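Taking it in order: structure first as structure tokens, then the write-up.
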Amino acid sequence: MGVINLGEPRVGTISRVAPKPIKFVLNWGRRYSLWVFNFGLACCAIEFIATSMSRHDFIRLGVIPFAPGPRQADLMVVSGTVTDKMAPAVKRLYEQMPEPKYVISFGACSNCGGPYWDSYCVTKGVDQLVPVDVYVPGCPPRPEALLHGILRLQEKIAGESLGERYGPASPVPVAQPQAESRPPSPAVLRRPLQRPPQPTSADRPEDPPEASPENPPENPPREPPQPPESSSGQRPDAAPRPGPLPPPNSVRGPADPSEPNLFLP
Amino acid sequence: MGTERTVAVGIGAEELATADMTLNIGPQHPSTHGVLRLRLTLDGERISRAEPIIGYMHRGAEKLFEVRDYRQIIVLANRHDWLSAFSSELGVVVAVERMLGMEIPERAVWARTLLAELNRVLNHLMFLGSYPLEIGAITPVFYAFRERETLQRVMEEASGGRMHYMFNRVGGLKEDLPAGWLDRARAAVREVRSRMSDIEWIIRGNEIFRARTRGVGVLSPEAVLQYGVSGPVARAAGVDFDLRRDEPYLAYGELFGPGRPGRVVRRTEGDCYARFECLLDQVYVSLDLADACLDRLADLPPGPINVRLPKVLKAPEGHTYAWTENPLGINGYFLVSRGEKTPYRMKLRSASYNNIQVLSELLPGNLVADMIAILGSMFFVVGDIDK
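The following block contains the structure:
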């Protein structure tokens, strides 16, 4: 009997096609049963432990700190300074976690380097290694801040769709490491105001013009394709129906192609 | 060890040739108190070689000290030993004050001593909670953190921080203690002292705890002196050295002595149980010292809490070494100054660095389960090792 090919495991396939109540239930289950893998590195780990103790107690939020290892955890709380020596271990442990997984960056050091921002051996921010969902600032943050961070994560999970998070690349990538995005150059601020693209004289029906306030739908050359029930007998004070979104790859960037475009993914 | 395996089945089988296994504990492991990595070479369950590999928390604090002025240094100085942050800041400012020849006001001396002793209690409580947790007793850590919260509230009221106080300044403290704080501190000390019995009764004398820690990881006084181990770990091995009594700084000269509240806790066995007992008894001593400081502070006439500093503080050229009895051991601060705003070199001698060097001698010969007990009993903080 040979090796059985189980296929690539995929997360989010069902939740993409599931109806909204099912998504709601799945998200509810996921956000109130976060098993946390405490990646306690430094002083923030002590405040993390204090938050799990009787006074502040994050177990009542469903965050259970008893994950025996990364393979049984959904949430990784990186608390403390990530040094360059420790960075490969952080990355490796993150990759050992099964999806869906979330990361809370707890404390200034793991947010951005913190007081060690100019050190030669500190990774300035764990988001250079793993995608972070919630950043909790502080040095060290109070336990209440961690509780707040967990609540924000739970709200984020409530509103999320796993299909979008882990599915094929959507136009706006979610949960991607920051290392790939380029910082905007100051030249961006010197660009002139960009006007929306005007439809050409060869007015194709699927050419989507912007429905701006100065172009009411009654104006025939600008009229966006309307569904049949919306006649031109619209009340004049009704807000103009916005046109369909432009296709994702339409170029809406600066006139100068050599400047980096903030809006392209 | 031989690497070929011959398995002989039957009566009178020959001796099995074995291979030693190298087991990596850490750097991420629940029992390593942070990111210490231990490379163990195991013969079955028995450790034949142990090597602590440090550096996973090295943040370059000493290099950063060279570009921080004497007030900014305190931010970094209290983050290497994060459980006894006040004592760490204290060492730095004591070194600078010694360079400047500064005499700090009496109120500041007593307030610093008080806060240092409260910080010592906080530090010891952390280990009193986490060490039984590693042995398998889960309850004491909740009691320990409950006491920690009581004291942290008091410290936070005075300094603004629960863990990193940044309250020391060159010449005294940042600002005076709040009104009514002395009474609240006294109430907190009384509360903690009365509730220490919860931890005592559950752990000290507990059969299971004793069975796992009595006679395990015996550290000889010679090893202590050779490796430079200090603090409660050294005193549990019988080495009678406590800087608060032997080379007093701050107000310890008045607090240690016959008929005074300060006493040096010592044991002779040198095993894990002795180290734990030292820690437990030191908490009581520190609470008594805190009470004495509170009494003294209440009697002092109102006065300044710090020395007025120039806008830009420059330490004179020269070098000095100041050492303090931090909760984990002796921390030394070697300050070299070229007369600038920032130190030319501030070298930290941290207690945990020496304390875990001795692990390569203590661990071999023990079982892996004992390794957990020994490692927890060494009372170190990884940031203190790596700085």
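So the protein sequences, as listed, match chains A and B.
With our numbering applied, the first sequence covers 1 to 265.
With our numbering applied, the second sequence covers 266 to 652.
Don't be surprised by glycine CBs; every beta carbon is placed ideally from N, CA and C.
Every value quoted in this text rests on a predicted model; they were computed, and no experiment measured them.
Strand pairing of K612/B, partner residues [DSSP]: On the second sequence, position 347 is the one that residue 612/B refers to. K612/B is bridged to F599/B.
Do the segment 16-32 of chain A and the segment 41-53 of chain A meet, that is, are 3 or more Cβ pairs less than 8 Å apart? no
Just how far apart, CA to CA, sit S54/A and R31/A? Position 54 of the first sequence, counting from 1, holds the residue named residue 54/A. Position 31 of the first sequence, counting from 1, holds the residue named residue 31/A. Rounded to the nearest angstrom, the two C-alpha atoms are 22 Å apart.
Please list the partners that H323/B has in chain A, where partner means a Cβ-to-Cβ separation under 7 Å. For the purposes of this step, residue 323/B is identified with residue 58 of the second sequence, where counting begins at 1. Near H323/B (Cβ distances below 7 Å), the residues of chain A are T83, K85, C121.
Closer than 8 Å is the cut-off here; do at least three beta carbon pairs connect the segment 441-455 of chain B with the segment 398-405 of chain B? no
Kindly identify the DSSP beta-bridge partner or partners of G522/B. Your numbering for residue 522/B matches position 257 in the second sequence. Answer is none; G522/B lacks a bridge partner.
Under the three-state reduction of DSSP, which class applies to L305/B: helix, strand or coil? Here residue 305/B refers to the residue found at position 40 when the second sequence is read from its first residue. Three-state DSSP puts L305/B in a strand.
Grouping DSSP H, G and I as helix and E and B as strand, with all else coil, what is E316/B? Your numbering for residue 316/B matches position 51 in the second sequence. Correct three-state label for E316/B: strand.
Do three or more CB pairs link the segment 604-620 of chain B to the segment 457-473 of chain B at distances below 8 Å? no
Tell me the residue span of the alpha helix (DSSP H) that contains N388/B. Within the second sequence, the letter at position 123 stands for residue 388/B. It spans 371-400 - the alpha helix (DSSP H) in which N388/B sits, taken as one unbroken run.
Starting from S642/B, follow the alpha helix (DSSP H) in both directions and report where the run begins and ends. Working through the second sequence from its first residue, we reach residue 642/B at position 377. Segment 633-642, the alpha helix (DSSP H) holding S642/B.
From D649/B to T589/B, what does the alpha carbon distance come to, in whole angstroms? Here residue 649/B corresponds to residue number 384 of the second sequence, with the count starting at 1. Here residue 589/B corresponds to residue number 324 of the second sequence, with the count starting at 1. Using only the alpha carbons, I get a separation of about 14 Å.
In the DSSP output, what is M86/A paired with across the bridge? Here residue 86/A refers to the residue found at position 86 of the first sequence. None, per the DSSP bridge assignment.
Assuming the contact rule is C-beta atoms closer than 8 Å, V126/A and V78/A should be a hit. Round their C-beta distance to whole Å, please. One-based indexing of the first sequence puts residue 126/A at position 126. One-based indexing of the first sequence puts residue 78/A at position 78. Yes, they are in contact, since the Cβ atoms of V126/A and V78/A sit about 5 Å apart, within 8 Å.
My output table needs one value for P236/A: the three-state DSSP class, helix, strand or coil. Position 236 of the first sequence, counted from the start, is the residue given in the question as residue 236/A. Low confidence applies here, because P236/A scores a pLDDT of 46, under 50, leaving its location unreliable and the question unanswered by this model.
Starting from G40/A, trace the beta strand (DSSP E) in both directions and tell me its first and last residue. Here residue 40/A corresponds to residue number 40 of the first sequence, with the count starting at 1. Residues 36-40.
Just to confirm, are L559/B and R458/B a CB contact at a threshold of 8 Å? Here the question's residue 559/B lines up with position 294 in the second sequence. Here the question's residue 458/B lines up with position 193 in the second sequence. No, the pair does not count as a contact, with Cβ atoms beyond the cut-off.
Would you say the segment 560-571 of chain B touches the segment 305-325 of chain B, given that touching needs at least three Cβ pairs under 8 Å? no
How about L151/A: is its C-beta nearer than 8 Å to some C-beta of chain B? Position 151 of the first sequence, counted from the first residue, corresponds to residue 151/A. Cβ-Cβ to chain B under 8 Å: no for L151/A.
How many Å lie between S353/B and P526/B at the Cα? For the purposes of this step, residue 353/B is taken as the residue at position 88 of the second sequence. For the purposes of this step, residue 526/B is taken as the residue at position 261 of the second sequence. Taking the straight line joining both Cα atoms gives about 23 Å.
Quick one: Cα of K156/A to Cα of P65/A, how far? Here residue 156/A corresponds to residue number 156 of the first sequence, with the count starting at 1. Here residue 65/A corresponds to residue number 65 of the first sequence, with the count starting at 1. Answer to the nearest angstrom: the Cα atoms are 20 Å apart.
Span of the alpha helix (DSSP H), counted from its first residue to its last, around H148/A: Along the first sequence, one-based indexing puts residue 148/A at 148. It spans 143-158 - the alpha helix (DSSP H) in which H148/A sits, taken as one unbroken run.
For a quick check, are the C-beta atoms of G62/A and L26/A less than 8 Å apart? Here residue 62/A refers to the residue found at position 62 of the first sequence. Here residue 26/A refers to the residue found at position 26 of the first sequence. Cβ atoms of G62/A and L26/A: not closer than 8 Å.
Would you report the Cα separation of L624/B and G518/B, rounded to the nearest angstrom? Your numbering for residue 624/B matches position 359 in the second sequence. Your numbering for residue 518/B matches position 253 in the second sequence. Cα to Cα, the separation comes out at about 33 Å.
Could you tell me which residues DSSP puts in a beta bridge with G437/B? Residue numbering aside, residue 437/B sits at position 172 when the second sequence is read from its first letter. In the DSSP output, where bridge partners are listed per residue, G437/B has R434/B, N571/B.
Starting from Y135/A, follow its DSSP beta bridges and name the residues at the other end. As a first step, residue 135/A is located in the first sequence; it is residue number 135 there, counting from the start. Bridge partners of Y135/A: S105/A.
Using DSSP's beta-bridge definition, name the partner residues of E456/B. The residue labelled residue 456/B in the question sits at position 191 within the second sequence. None, per the DSSP bridge assignment.
Give the single residue among L593/B, V494/B, R434/B, D346/B whose Cα lies nearest to the Cα of I369/B. Position 104 of the second sequence, counted from the start, is the residue given in the question as residue 369/B. Among L593/B, V494/B, R434/B, D346/B, the Cα nearest to that of I369/B is on R434/B.
Distance check for N596/B and L341/B, CA to CA, integer angstroms please. In the second sequence, counting from the first residue as 1, residue 341/B sits at position 76. In the second sequence, counting from the first residue as 1, residue 596/B sits at position 331. Straight-line Cα distance between these residues: approximately 15 Å.
Could you confirm whether any beta carbon from chain A is found closer than 8 Å to the beta carbon of P317/B? Position 52 of the second sequence, counted from the start, is the residue given in the question as residue 317/B. Judged by the 8 Å Cβ criterion, P317/B is not in contact with chain A.
Measuring only between beta-carbons, confirm whether Y94/A sits less than 8 Å from chain B. Indexing the first sequence from 1 puts residue 94/A at position 94. No - not a single Cβ of chain B is within 8 Å of the one on Y94/A.
Closest to P292/B by C-alpha separation, out of V82/A, E144/A, P131/A, Y116/A, would be which residue? Here residue 292/B corresponds to residue number 27 of the second sequence, with the count starting at 1. Out of V82/A, E144/A, P131/A, Y116/A, V82/A has the C-alpha closest to the C-alpha of P292/B.
Beta carbon of F644/B nearer than 8 Å to that of F392/B: Looking up residue 644/B in the second sequence gives position 379. Looking up residue 392/B in the second sequence gives position 127. Going by C-beta atoms, F644/B is nearer than 8 Å to F392/B.
Mapping the DSSP letters down to three states, classify Y586/B as helix, strand or coil. Counting from one through the second sequence, the residue named residue 586/B turns up at place 321. Three-state DSSP puts Y586/B in a strand.
Can you give, in chain order, each stretch of the alpha helix (DSSP H) that sits fully within the segment 493-562 of chain B and has at least 4 residues? 497-500, 508-511, 517-520
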